[in-house]
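Oh and the sequence shown: position 79 is 75 in the working numbering, straight run, nothing missing. Here's the structure, in structure tokens; my notes come after.
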Amino acid sequence: MKTTHFSMIMAAVILVSIPAAAAEPGFHDEIKRGKEKELRVKLDAAMGKVKLCRVGAPYLFVSDLEPHGMEGLAPDIHYSISGSTGILDVSTDFGHGHRHSYNFDFSTDMVWDIKLSDAVPVLFKGQLGAGSGDFDFTGIRLRSFDLETGASSVTIRFNEPNPVAMDRMRIESGVSKFEGVNLGFANFRTMTFKGGVGSYMLNFYGVEQPETDVDIEQGIGSITILVPSDVGVKIDHSGSFLSKLHAYPDISERSDDEYFSNNYESAAKKMYIKIESALGSVTVQHK
-3 MKTTHFSMIM AAVILVSIPA AAAEPGFHDE IKRGKEKELR VKLDAAMGKV
47 KLCRVGAPYL FVSDLEPHGM EGLAPDIHYS ISGSTGILDV STDFGHGHRH
97 SYNFDFSTDM VWDIKLSDAV PVLFKGQLGA GSGDFDFTGI RLRSFDLETG
147 ASSVTIRFNE PNPVAMDRMR IESGVSKFEG VNLGFANFRT MTFKGGVGSY
197 MLNFYGVEQP ETDVDIEQGI GSITILVPSD VGVKIDHSGS FLSKLHAYPD
247 ISERSDDEYF SNNYESAAKK MYIKIESALG SVTVQHK
């Protein structure tokens, strides 16, 4: 039986490590909720495929990791409680407590399924290196969100409104393909997005807040931004002569590098988007 290393402060919290039922050994870990009223999560995955979604009572956290040929690979999970806040640090370990010191074949990627509680507010901070991520935050009570991705293909989605308001959402995407689906449902007030080299899609359908600010910095590549037609949008674009902004169908330039939708003044919900781009194309669709 393979085990996972944990750092615990309160014995009242129950963690269970169970060998996976599949022929190839894997890891199953879970944490049940005690009196926690908030969960702080730090996730660090260097490679492989990571999938994330919500889990209901009585769990705060459930993890299933399949190494798929990466001998010695295991989840490294540390959990503690401070007051009424659960503090969860999740990463991968390759023996002897050394994180990310691997010699591995990219043809044998790990698969890691992670589930987070839908019962308490979650403060999420994640890093994903080489691989892919499919993060479905539907139903998770996100109070803050911070995600950095490397050489990867990542999708994050919200299929219904976030039950709690989020002050700040931050995403930094490196050499990658990134898609954000229904980001408006994240219920953020401010968002920053930084893209390096790649293709990016930011879909803001489901906007909840009456006023939202979005700050976008793009390096090399293309970015497409979708804004719902009932949201008034103002765009402030600055970039080199190698970068071009395409905005339609009802967005027009009123002054140098300032663009407004026709309904900006009358709309009940407004979004201000500041875009800095170096090389590539920026497309904003208002529909």
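We put the beta carbon where it would ideally sit given N, CA and C, even for glycine. Please read these numbers as outputs of a predicted model, since none were measured by experiment.
Query - Own chain partners of Pro206 with C-beta closer than 6 Å, once the 5 adjacent residues on each side are dropped - result: Cβ neighbours of Pro206 beyond the five flanking positions: Lys265.
Query - Ile77 to Glu32 span [Cα, whole Å] - result: 8 Å
Query - As assigned by DSSP and simplified to three states, the class of Leu56 - result: strand
Report task. For Leu287, name the three-state secondary structure that DSSP assigns. Result -> No information on residue 287 is available, as it lies outside the stretch -3 to 283 that the chain covers here.
**Report entry** Contact check, Leu119 vs Ile216, beta carbons under 8 Å
**Finding:** no
**Report entry** DSSP three-state assignment for Leu69, whether helix, strand or coil
**Finding:** Coil.
Query raised in the report: How would you call Gly192, buried or exposed, if buried means at least 16 neighbouring beta carbons within 10 angstroms?
Result: buried
Query raised in the report: Between Tyr55 and the rest of its own chain, which residues show a CB-CB distance below 8 Å, the 5 nearest in sequence each way excluded?
Result: Glu26, Ile27, Lys28, Arg29, Lys111, Ser113
Query - Cβ-based neighbour list, Ile285, same chain, cut-off 6 Å, excluding 5 preceding and 5 following - result: For the chain, the structure presents residues -3 to 283; residue 285 sits outside this window and is missing.
Report task. Spatial neighbours of Gly44 within its chain, please: CB distance less than 7 Å, with the 5 preceding and 5 following residues excluded, ordered by chain position. Result -> Asp105, Met106, Val107, Trp108, Gly127
Query - Beta-ladder partner(s) of Gln123, from DSSP - result: Asp40, Glu144
Query raised in the report: Which of helix, strand or coil does DSSP assign to Ala115?
Result: coil
Query raised in the report: What separation, rounded to the nearest whole angstrom, lies between the Cα atoms of Gly146 and Asn199?
Result: 21 Å
Query raised in the report: Residue range of the beta strand (DSSP E) that Leu198 falls in?
Result: 184 to 199
Requested in this report: Output yes or no for whether 8 Å exceeds the beta carbon distance between Asp60 and Gly22.
Outcome: yes
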